[in-house]
Every structure is written in structure tokens, then in C-alpha cells.
Amino acid sequence: MKNYFTLQYKMLNRQLADFGIQPVLAYLALPVIFIVLSIYLFQKTAFAQYIYLLMALSLITRFNDSNRNNFLKACFKSNDYLIIRIAENVLVILPFFIFLICKNYFFSAAILLLLSPFAALVSFKSKLQFTIPTPFYKQPFEFITGFRKTFLGFLCCYSITFIAIAVHNFNLGIFALLLDFLFCISFYTSTEPDFYVWVYSLTPKLFLIKKIKTALLHVTILTFPAAVILSLFYISNSFIIAGFYCLGYVYLAAIVCAKYSVFPVQMGLPQIILLAISIPLPPLLIILVPYFYLQSIKKLGIFLK
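Numbering (our numbering), first residue to last: 2 to 306.
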């Protein structure tokens, strides 16, 4: 078991390094980000403890894939397998559990702690996870793989939207909408095989425009209902909602261009830093989007004519 967790730790470090992030910096930054977001959530809504439970349990379900668990069962004895699965779940919910205790939500913390080992006994078959029809299959590959991985996340976001309306908290609703966009933006952090680009009979410029149009169409499908719902209940803030929505479009276009600006390798730390700086400074996108666009045209010229 010790070797298993050691291997998982080394794999995580390698993934962070491949992504251009120093593991030490990530381990220092993540707790700070988690605490800041948690404090913000509990300040904005009285339903934060329930949102917290939903988020923690949704993270646990990512370890319940039947193929993954069957592989672990084949590698370890039944007792060792059970200990590993319980340990994984406890490690995932531990930050949520500690924060709930600090906020004196002992009952919610107890429920989370009890459900964690129970969830280790359950496995979900991958083939049954997402059978709902979507339009994404026509345009591989970002939204196909991304939506399947974050489906529960979108359910959480829409739940937060309805909670925001119920408690009359407009800021929480905007937070949920931006979180929807953030999920979609995260779809473009992975790089597809060269073949998925090479098969297009397009110039680099037309290819990039097509990818941006596809991204905007698909993000609209996933986020527009939430924006409409918010607008119906906060009519006086419709222009604010529209402004954030358009800003989400611009950031999505920026991440698409940033992705292909270093193709076929994955985005590294320089691109991530520039995009991160632009979050508190949106006017910076006026420079970043054209820059990433021109770099993408050069990189794609190797694969497209």
C-alpha cells in the first residue's frame, strides 16, 4: 500500500511538472486558494455547508470508476484494497471536513466523514455514467472529454445558481456562472494528438476561427440557461450578467489561442501566468489575444497548409 501511494505522489509531481508548475509551489498555493474560496463561499450564502457537502462527495465519485477499482482489486488483497479506497476518500474530504469543524458545522462534518468510507464500497460503471445525448460528438475533442469529466461540476453550479436565487444573493449567482465558464476553459488545458489537427483541410487562420466558434457555441449550450435564469430574477442586473458573459467568451477565445500557440506541446507556465494575470486585469486581454493568435498561426502552419 505504501508503494501505491508513493507512486501516486510521484505521478502527481510529474503531471504538475509537465504542466509547467513546480510541485512545491502547487502544494503551498492550493491550501491558500482552498481556504480563501471556502471563506468567500460561507460569507455569501447560508447554504454553504450543503454546497460544501455536494462538492466533496462529487470529488469522491471520481474514484469510483469500476474499471479503475477492478484493476486495484486485481493488484491488492481485498483488505488492502478497501484500506486504499477508504484512505483515498478520507484524504479527499479531509480539507472540507476540517473547514466544517472550524465553522462549527459538526453535523455536516460527521455526515461527510461517515459517507466517505461508505463510498469506497461503491463502484460506477464508466459506460453508464454519461449516456445522455449531446451535440459535442460532432466536434472532437475538448468538450467531449471535458464534459464527461466535469458533468457533476455543472450540476453543482446550477444548484448554486438556484440557491443564489432562493437566498436573493446575486453575487453567488454570478460566481456560479463564472464557475461554469471556468470548467469550460479547463477543457482546453489538454492537447489533442496531431492527427486531430492534421485531418482538417483548412488554413491555420480558418482552423483557429473554427475552433473558437465551436468553443463559443458549446460553452453557450452549457452556460446560457444559467445566464437566462439569473436575468429573469435579476432583471435590473441584466447588463452586468451580459458583461460577465461576454468576458467569459473573451477568456475562452484567449485559452483556445493560448493552447495552439505552443502546439503540439501542452501549455506551460508562461502561458498560464499570462492568463492568470489577465483575470484581475481584463484589459490585458486586448494584448494577449492577438499575441496568442499570431503565435498559434505560426505553430499550426507546420500541420496545416
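Each residue gets a CB set at the ideal place from its N, CA and C atoms; glycine is no exception. Note that the structure is a prediction, hence the values are computed from the model and not measured.
Next item on the list: Determine the direct distance from the alpha carbon of P24 to that of S297, and round the result to whole angstroms.
Entry: 28 Å
Next item on the list: Can you give me the Cβ contacts of F64 inside the same chain, cut-off strictly under 6 Å, excluding the 5 residues immediately before and after it?
Entry: E89
Margin query: Any contact between the stretch 46 to 63 and the stretch 108 to 125? By contact I mean 3 or more CB pairs, one from each, below 8 Å.
Written below: Touching, yes.
Notebook entry, point to check: Where are the alpha helix (DSSP H) runs, 4 residues long or more, that stay fully inside the stretch 248 to 291, in chain order?
Noted result: The stretch 248 to 291 contains these whole alpha helix (DSSP H) runs: 270 to 279.
Check: Sorted by chain position, which residues of the same chain lie with C-beta nearer than 6 Å to Y82's C-beta, five sequence neighbours on each side aside?
Finding: L73, K74
Check: When the Cβ atoms of the stretch 278 to 297 are set against those of the stretch 251 to 268, are three or more pairs found closer than 8 Å?
Finding: yes
Margin query: Buried or exposed, going by whether 16 or more other CB atoms sit within 10 Å of the CB of R149?
Written below: Its Cβ having fewer than 16 others within 10 Å, R149 is exposed.
Next item on the list: Please determine, among I186, W199, F234, the residue with the shortest C-alpha to C-alpha distance to A165.
Entry: F234
Item checked: Boundaries (first-last residue) of the alpha helix (DSSP H) holding A88 -> DSSP places A88 inside the alpha helix (DSSP H), whose first and last residues are 79 to 103.
Next item on the list: Reducing DSSP to helix, strand and coil, say where S59 ends up.
Entry: Residue state, collapsed to three classes: helix.
Check: Expressed to the nearest angstrom, what Euclidean distance is found between the alpha-carbon atoms of L207 and S191?
Finding: 21 Å
Check: Given that a residue counts as buried once 16 or more other Cβ atoms are within 10 Å of its Cβ, and exposed if not, what is D195?
Finding: exposed
Item checked: Residue nearest to T215 in terms of C-alpha spacing, selected from W199, I241, F188, A228 -> F188
Check: Is the stretch 222 to 237 touching the stretch 168 to 179, taking contact as three or more C-beta pairs under 8 Å?
Finding: yes
Check: How should V198 be labelled, buried or exposed, when 16 other C-beta atoms within 10 angstroms of its C-beta is the threshold for buried?
Finding: buried
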